[in-house]
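Positions 1 to 263 (the UniProt record's numbering) are the ones given, in order, by the sequence shown. Notes follow once the structure below has been shown.
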Amino acid sequence: MDMPRPDPQLRPPVNSVVQAIAILRHLGALSEPQGVTAIARALRLNPSSCFNVLKTLLREDLVSFDAVSKRYALCLGTIDLARLALGRDAVVRAAHLPMATLAGQFDAAVGLWRLTEGERLVLVALAESAEAMRIHMVVGQRQPAAAGATGRAVLARRALDDAAIAAVHAGIRWKSAPDPQEFIAQVRAAAAKGWAIDNGQINHGISTVAAAIVDTGGAPRFVLSASMFSGRENAEGMDAIGAAMRQAADAIAQSAYAMEMAT
1 MDMPRPDPQL
11 RPPVNSVVQA
21 IAILRHLGAL
31 SEPQGVTAIA
41 RALRLNPSSC
51 FNVLKTLLRE
61 DLVSFDAVSK
71 RYALCLGTID
81 LARLALGRDA
91 VVRAAHLPMA
101 TLAGQFDAAV
111 GLWRLTEGER
121 LVLVALAESA
131 EAMRIHMVVG
141 QRQPAAAGAT
151 GRAVLARRAL
161 DDAAIAAVHA
171 GIRWKSAPDP
181 QEFIAQVRAA
191 AAKGWAIDNG
201 QINHGISTVA
211 AAIVDTGGAP
221 RFVLSASMFS
231 GRENAEGMDA
241 IGAAMRQAAD
251 AIAQSAYAME
261 MAT
């Protein structure tokens, strides 16, 4: 008689793999490198096991090690893995051409941000203009999901009351903070127009226009942003950029999620 096969979902996880993933996520959330003792303490790992996992990750080029400070950090190998995954993402593929077009048309740094479960935005793609003066953005950089124009675009797609939006406003680190009522009005305006704007309030000297890319259920999954130096465009110019961003975001969503439904 054939014996029933165990359900793969009931098999215990491989501890070393779980530990490696936890270490990578932990290092990714830090603003500076960290030593093995601090990593082990933060993740409640056995220091010896933590050290062995870190050595393996180091050999695989997923973490780097500073021999002077004895501290570890994420390495470029993680970016290579991310690029392989992103190359298969329908939204990233669909956004490539529109982003390049927007960057050239408006001489802007155009970014595609993915919303994570931890309420962070991660820059997953970037298109830049040929202008000599560029705004420094790096694929892989993170920011709070509610910050800046991208944050207003995300909030505008969510059914939040004024009190909830005000609570979000209080948790943002601003360079030049709008008052809560002004912020609420900006989110409501973004919901009406389909795009949001931040004029140097989150990053001094930089204006950003953003539009959310939503899935078939209307939930924001990605955000398209266009950043430029403040003062370059008048109100009409920013409105034109905003309308173009909204149109591009809608087209990307339609293309990407139609492809996902077809697969």
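Idealized CB from N, CA, C, for every residue including glycine. Since this is a predicted model, take the numbers as computed values, not measurements.
Task: Inter-residue spacing [alpha-carbon to alpha-carbon] between H204 and A95 - done: 27 Å
Task: P12 burial status per 10 Å Cβ neighbour count (16 or more: buried) - done: exposed
- [ ] Specify, as a first and last residue, the run of the beta strand (DSSP E) that V17 falls within.
- [x] Segment 15 to 29 is the alpha helix (DSSP H) holding V17; no beta strand (DSSP E) there.
Task: Residue span of the alpha helix (DSSP H) that contains D162, given as start and end - done: 162 to 170
Task: Beta-bridge pairing of D239 - partner residues as DSSP gives them - done: Bridge partners of D239: none, in fact.
Task: Sequence-distant residues of the same chain with beta carbon closer than 7 Å to A166, five excluded per side - done: P180, I184
Open item on the list: Please report the straight-line C-alpha distance between A22 and T56, rounded to a whole angstrom.
Closed with: Distance between the alpha carbons of A22 and T56 is about 14 Å.
Task: Inter-stretch contact (C-beta, 8 Å, three-pair minimum) for the stretch 192 to 211 and the stretch 227 to 245 - done: yes
Open item on the list: Rounding to the nearest angstrom, what Cα-Cα distance links G35 and S69 in this structure?
Closed with: 8 Å
TODO: For the beta strand (DSSP E) containing R225, list its first residue and its last residue.
DONE: In the sequence under discussion, the amino acid at residue 225 is Ser, which differs from the Arg named in the question. Its beta strand (DSSP E) spans residues 220 to 229.
Task: Secondary structure of I202, DSSP reduced to three states - done: coil
Task: Alpha carbon of residue 275 to alpha carbon of Q19, nearest angstrom - done: With the chain covering 1 to 263 only, the question about residue 275 has no answer from this structure.
TODO: Starting from the Cα of A191, find the closest Cα among R173, R152, A219 and give me that residue.
DONE: Closest by alpha carbon: R152.
- [ ] Excluding the 5 residues preceding and the 5 following R134 in the sequence, name in chain order all residues of the same chain whose CB lies nearer than 7 Å to its CB.
- [x] A109, E128
TODO: Pick helix, strand or coil for A90, following the three-state DSSP scheme.
DONE: If DSSP states are grouped into helix, strand and coil, A90 belongs with the helices.
Task: Opening and closing residue of the beta strand (DSSP E) in which L126 lies - done: 120 to 127
TODO: Alpha carbon to alpha carbon, how far is E236 from R142? Give it in angstroms, no decimals.
DONE: 30 Å
TODO: Starting from the C-beta of V187, find all residues in its chain whose C-beta is less than 7 Å away, skip the five residues before and the five after it, and write them out in chain order.
DONE: R152, L155, A156, I165
- [ ] Hey, could you find the ends of the beta strand (DSSP E) V63 is sitting in?
- [x] 63 to 66
Task: Residues near M238 in its chain [Cβ-Cβ closer than 8 Å; skip 5 each side] - done: Hits under 8 Å: I197, S207, V209.
- [ ] Leaving out five residues on either side along the sequence, give the residues of the same chain with a beta carbon under 7 Å from the beta carbon of S49.
- [x] For S49, same chain residues with a beta-carbon under 7 Å away, outside a window of 5 residues either side, are Q19 in chain order.
TODO: Evaluate L27 with the Cβ neighbour count: other Cβ atoms within 10 Å of its Cβ, from every protein chain shown; 16 or more gives buried, anything less gives exposed.
DONE: buried
- [ ] Give the secondary structure of G77 by DSSP, where H, G and I count as helix, E and B as strand, and everything else as coil.
- [x] helix
TODO: Would you grab the beta carbon distance between A149 and I172 for me? Rounded to a whole angstrom, and I think it's under 8 Å.
DONE: Contact doesn't hold; Cβ gap of about 12 Å is too wide.
Task: Bridge partner(s) assigned by DSSP for Q247 - done: According to DSSP, which records beta bridges pairwise, Q247 is partnered with nothing at all.
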